[in-house]
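Trainee: Residue numbers (numbering that gives the first Met the number 0), protein chains in the order written: chain P, 0 to 326; chain U, 0 to 326. Each residue gets a CB set at the ideal place from its N, CA and C atoms; glycine is no exception. On a predicted model such as this, the values are computed, not experimentally measured, just so you know.
2 protein chains.
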Amino acid sequence: MIIAVDAAGGDHYPENPVKGSIQALNDRDDLTIILVGPEDSVNSELSNYEYDQERLLVEDAPEVIGMDESPARAVKTKQNSSIVKGLGMHKAGKCAGFVSAGNTGALLAASTFLLGKLEGVSRPTIAAVYPTVKGVRLMLDVGANLEVRPEMFLQFARMGEIFTREIMDIDDPQVGLLNIGEEPEKGTDTLKEAFTELKSLPNFVGNVEGRDIFDAGADVFLCDALVGNVLLKFGESIPAALKKFIKSGIEKLELGPQEAKAVQKVLKVSLSEFDADRIGGVPFLGVDGVSMVGHGSSSPLAVKNMILNAVKCVDHDINEKIVASLK
Amino acid sequence: MIIAVDAAGGDHYPENPVKGSIQALNDRDDLTIILVGPEDSVNSELSNYEYDQERLLVEDAPEVIGMDESPARAVKTKQNSSIVKGLGMHKAGKCAGFVSAGNTGALLAASTFLLGKLEGVSRPTIAAVYPTVKGVRLMLDVGANLEVRPEMFLQFARMGEIFTREIMDIDDPQVGLLNIGEEPEKGTDTLKEAFTELKSLPNFVGNVEGRDIFDAGADVFLCDALVGNVLLKFGESIPAALKKFIKSGIEKLELGPQEAKAVQKVLKVSLSEFDADRIGGVPFLGVDGVSMVGHGSSSPLAVKNMILNAVKCVDHDINEKIVASLK
Chain P
0 MIIAVDAAGG
10 DHYPENPVKG
20 SIQALNDRDD
30 LTIILVGPED
40 SVNSELSNYE
50 YDQERLLVED
60 APEVIGMDES
70 PARAVKTKQN
80 SSIVKGLGMH
90 KAGKCAGFVS
100 AGNTGALLAA
110 STFLLGKLEG
120 VSRPTIAAVY
130 PTVKGVRLML
140 DVGANLEVRP
150 EMFLQFARMG
160 EIFTREIMDI
170 DDPQVGLLNI
180 GEEPEKGTDT
190 LKEAFTELKS
200 LPNFVGNVEG
210 RDIFDAGADV
220 FLCDALVGNV
230 LLKFGESIPA
240 ALKKFIKSGI
250 EKLELGPQEA
260 KAVQKVLKVS
270 LSEFDADRIG
280 GVPFLGVDGV
290 SMVGHGSSSP
300 LAVKNMILNA
310 VKCVDHDINE
320 KIVASLK
Chain U
0 MIIAVDAAGG
10 DHYPENPVKG
20 SIQALNDRDD
30 LTIILVGPED
40 SVNSELSNYE
50 YDQERLLVED
60 APEVIGMDES
70 PARAVKTKQN
80 SSIVKGLGMH
90 KAGKCAGFVS
100 AGNTGALLAA
110 STFLLGKLEG
120 VSRPTIAAVY
130 PTVKGVRLML
140 DVGANLEVRP
150 EMFLQFARMG
160 EIFTREIMDI
170 DDPQVGLLNI
180 GEEPEKGTDT
190 LKEAFTELKS
200 LPNFVGNVEG
210 RDIFDAGADV
220 FLCDALVGNV
230 LLKFGESIPA
240 ALKKFIKSGI
250 EKLELGPQEA
260 KAVQKVLKVS
270 LSEFDADRIG
280 GVPFLGVDGV
290 SMVGHGSSSP
300 LAVKNMILNA
310 VKCVDHDINE
320 KIVASLK
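(1) Near U:ILE169, what residues of its chain come up, given a Cβ to Cβ distance below 7 Å and the 5 sequence neighbours on each side ignored?
(2) Name the residues in the region 180-200 of chain U whose C-beta lies less than 7 Å from a C-beta of chain P; which are they?
(3) What residue does the alpha helix (DSSP H) around U:GLU14 start on, and which one ends it?
(4) Check whether the Cβ atoms of U:LYS133 and U:LEU114 sit closer than 8 Å, and answer yes or no.
(5) Kindly list the residues whose CB is nearer than 6 Å to the CB of P:LYS303, restricted to its own chain and excluding five residues on each side of it in sequence; keep chain order.
(6) Counting only the same chain and skipping the five closest in sequence on each side, list residues whose C-beta sits under 6 Å from that of U:ASP287.
(7) Taking U:ILE2 and U:ILE306 to be in contact with their CB atoms under 8 Å, please state how far apart those CB atoms are, rounded to whole angstroms.
(8) With P:GLY248 and P:ALA100 assumed to form a contact (beta carbons below 8 Å), what rounded beta-carbon distance in angstroms separates them?
(9) Would you say U:LEU204 and U:GLY175 are within 8 Å of each other, going by their C-beta atoms?
(10) At the level of alpha carbons, what is the spacing between U:SER121 and U:LEU225?
(11) From P:GLU272 to U:ILE245, what does the alpha carbon distance come to, in whole angstroms?
(12) Can you check the region 51-114 of chain P for any alpha helix (DSSP H) of at least 4 residues that lies completely inside it and give the ranges in chain order?
(13) For P:ASP39, would you say it is in contact with chain U, using Cβ-to-Cβ distances shorter than 8 Å as the test?
(14) Going along chain U, which residues have a C-beta under 8 Å from P:LEU230?
(15) Kindly say whether P:ASP214, judged by its beta-carbon, lies nearer than 8 Å to any beta-carbon of chain U.
(16) Hey, is P:ILE317's beta-carbon within less than 8 Å of any beta-carbon in chain U?
(17) Strictly below 8 Å CB to CB, what residues from chain P border U:VAL204?
(18) Excluding sequence positions up to five away, which residues of its chain have a Cβ less than 6 Å from the Cβ of P:ASN178?
(19) Answer yes or no: does any C-beta atom of chain P fall closer than 8 Å to that of U:ILE249?
(20) Using 8 Å as the Cβ pair cut-off and three pairs as the minimum, do the region 264-280 of chain P and the region 69-78 of chain P touch?
(21) In angstroms, rounded to a whole number, what distance separates the CA positions of U:GLU68 and U:ALA105?
(22) Measure from the alpha carbon of U:PHE97 to the alpha carbon of each residue in U:LEU197, U:THR103, U:GLY85, then state which is nearest.
(23) Alpha carbon to alpha carbon, what distance is there between U:GLU258 and P:PRO299?
(24) Look up P:ALA177 in the DSSP assignment and say whether it is helix, strand or coil.
(25) Which term fits U:PRO123, buried or exposed, when burial requires 16 or more other beta carbons within 10 angstroms of its beta carbon?
(26) Any idea which residues DSSP pairs U:THR31 with across the strands?
(27) For U:VAL292, list the residues DSSP reports as bridge partners.
(28) Please name the residues in the region 43-72 of chain U whose beta-carbon is closer than 8 Å to at least one beta-carbon of chain P, in chain order.
(29) With P:THR124 as the anchor, note down where its beta strand (DSSP E) starts and where it stops.
(30) Would you please verify whether the beta carbon of U:VAL135 is less than 8 Å from any beta carbon of chain P?
(31) If U:ILE166 sits next to U:LYS311, beta carbons under 8 Å apart, how far is it from one beta carbon to the other, in whole angstroms?
(32) Under 8 Å, Cβ to Cβ, is there at least one residue of chain P near U:ALA127?
(33) Under 8 Å, do U:LEU270 and P:VAL229 count as touching if we go by C-beta distance?
(34) Where does U:GLY134 sit, in a helix, a strand or coil, going by DSSP?
(35) Identify whether U:GLY36 lies in helix, strand or coil by the three-state DSSP scheme.
(36) Please report the straight-line C-alpha distance between U:ALA211 and P:GLY280, rounded to a whole angstrom.
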C-alpha cells in the first residue's frame, strides 16, 4: 500500500514527517511512502537517516501553505503545495491515502474539493478522539460544521460508529447527543429534531451532558463544531493546567523534593490518555478518500500513528462501509 | 438586611439550608434570615441547633418543587412553594434577596416572571464561576439562553464585568468571546456580529478559545447556554475523573501506600479551586432583584457563601450599576 505524507505540514517539518515515515516503514513491510514537500529540504533531512530507499520516495512540492493562512485562498493559489499535490495524487489513484499535520482548514477545503464527498454525505466532518476514564472515545464535529442540520447528526452518528468500531476497536459503540440535559425535549429546535432522527439508531443512548464525557457515557459524542472545538481545545489544555494546579498543591503542602517527584511521576503516567501523539490523527469523515489530519505539534510518533491509522482505514474499507450504512 | 433562604431546595433540605443560614448569621451581625419552606420540618430541624431566634424566622411554604419538575408548570401551579413564596416576598420588599439550591429552571422562570427584568436587559442570564490556574473566573450564559443575539452578548459582557469586579474582586476584568478561533471572522454569523458589537468595550480582548479557559485568557467568558452548560458540567466532572486517572497511574507505577497517600493529598489540595461549595452560588443576572442559585448538592458552607454573596450584591448595588452601564 502507498501512503502520501505531507512533508511540509505542522510545526516541525520536514524533520517530524520524515522521522515518522521511516518509523512507519519499519513497522510495516508492505508499506511504501511518498513524502510530498520541497524536494531539497526533504532530501537533506532524509540524508540523516538509513532507510529502505525503494519504499520511501519524494515528490517535489515547492510551495508551502502556512498554519495560519486563509484555507480557501491557499488551496486555490498554491497548486504546487504539498496539500494540493498530495491530495491530487490520492485522487489520481497514485496512493491510497494522504496524511498531514498541516493547516486543518486548508486540508478540509482541499479534501472536500479534490476528493469530493461520499454518496449520501451532506457535509464532511472533522472528528477528534477524546480521553475518558475508559480510554479514548470519538467526538464530532470539532471543526468543520458550525451549523449542523438534524439529518447531518444522523450521518455523523453512522460515520462515527463505523470509525470507532473499525479503527478504535470499540465493540458495539454507543452514540450520544451532547445537550444541556438528558430529556428529549431539551436543547435547541435543531437538537430536538436531531434527537428524533437519531432514535432510529439502535445504539443511540439519547442526550448526554458535559459530565458524561469523561465517564464515557457514549463512545461517539455528537455536537456542532462550536461546542466540539471549544471542548477539544479545552481538553488539550487540561494536562498543562493540571501541572500548574498540582504544583501549587505541592507548594501549599510544602512537600519534600522526593515526594514532589513521586507526585509528578504519577501525574505524567495518569495523563497519558491525553497524549495526542499516541493517537496520531483523525480522518475527515465523509470525503471520498482517506485524508488524515494531525495536530500541528505532531511528533514523529504521532506521524507514524497517523500513517498506520490511514492504512487501517484502507484495510477496513471504511468508506465503503459508510456509504452502505447511509443507504 | 433580610435575606430569604429556600429551606426546601437542593438535595439535602432542610438540613443544609438551615445549617448554612445559622453559619451566615454567626458571620454577620446585621443579617436576618427568613427560612421559607414546610414549617414543621424546618422547625424540627431548627430544634437541633442554638441560634439567635430574633434573627432567624420561618415562613411556611408547604409545597415543594422537585429538582426534576417541569419549571414553567411547577411555578404556575405551586403558589405555596418556597420558590414562589420566597421570590414573592422579595418582590414585595420583605427581604433584600432570595437564595436557593433548588430547581434551576423553576428559579429562573420564577425570578424572571415575579421580579421582572432590569431596564435595558433583553433576557436574564445564568452565570457560573469557573476554576482557572489564576483563581475562579466568570462564564455566561450557562443555562438560560440557548440562542443569544449579538446585542445580548454585549449585555452579558456588561453584567459579567460588573459582577466580577464588585463580587469576585477582580480589578479591571477582561471580556472574551468563546469561539473556534481568535480571528474576528471566525464563527457563526451571530458570533461575528457579536464580535463587532463587543469591540465598543474597552476591556474586550476579542475571541478566546477552549484552551484559554484554564489559563484565564479572560475574566468573563461569553458563550451561549449550549456551550456554557456543556463546559460547566464537564468542568464539574474533572475532579472525579482525575481521581480515577490518578488512581490508575498509582496502580501502573505500583506505588507504596505512603507515596500513594501523598499523591492523593496533593490532588485534593490542588483541586480545591474546583470546590463549588467555596463559591456558594451565582445570581440570575438581569432580573430586577437579587436571586441566587446554588448547586443541588450545596453543603451548609455553600449555602452560607450563597447568602453572603447575596448580601454583597445588595451592598454593592449590583443592579443599579448594571442599569447605569446599559444606558
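Mentor: Concretely, from the data shown:
(1) THR163, ASP218
(2) GLY186, THR187
(3) 14-26
(4) no
(5) GLY19, GLN22, ALA23
(6) LEU114, GLY115, LEU117
(7) 5 Å
(8) Wrong, their Cβ atoms sit about 34 Å apart, outside the cutoff.
(9) Leu is not the amino acid found at residue 204 of chain U; the sequence shown has Val there. Yes; because the gap between Cβ atoms is below 8 Å, this pair is in contact.
(10) 18 Å
(11) 11 Å
(12) 70-76, 81-90, 103-109
(13) no
(14) GLY209, VAL229, LEU230, PHE233
(15) yes
(16) no
(17) Under the 8 Å cutoff, chain P gives no residues; its nearest Cβ is about 16 Å from U:VAL204.
(18) LYS185, GLY186, LEU190, ASN206
(19) yes
(20) no
(21) 8 Å
(22) U:GLY85
(23) 34 Å
(24) Checking the sequence, you will find Leu at residue 177 of chain P rather than Ala. Of the three classes helix, strand and coil, the one that applies to P:LEU177 here is strand, per DSSP.
(25) buried
(26) U:ILE1
(27) U:SER99, U:VAL281
(28) none
(29) 124-129
(30) no
(31) 5 Å
(32) no
(33) no
(34) strand
(35) strand
(36) What sits at residue 211 of chain U in the sequence shown is Asp, not Ala. Cα to Cα, the separation comes out at about 23 Å.
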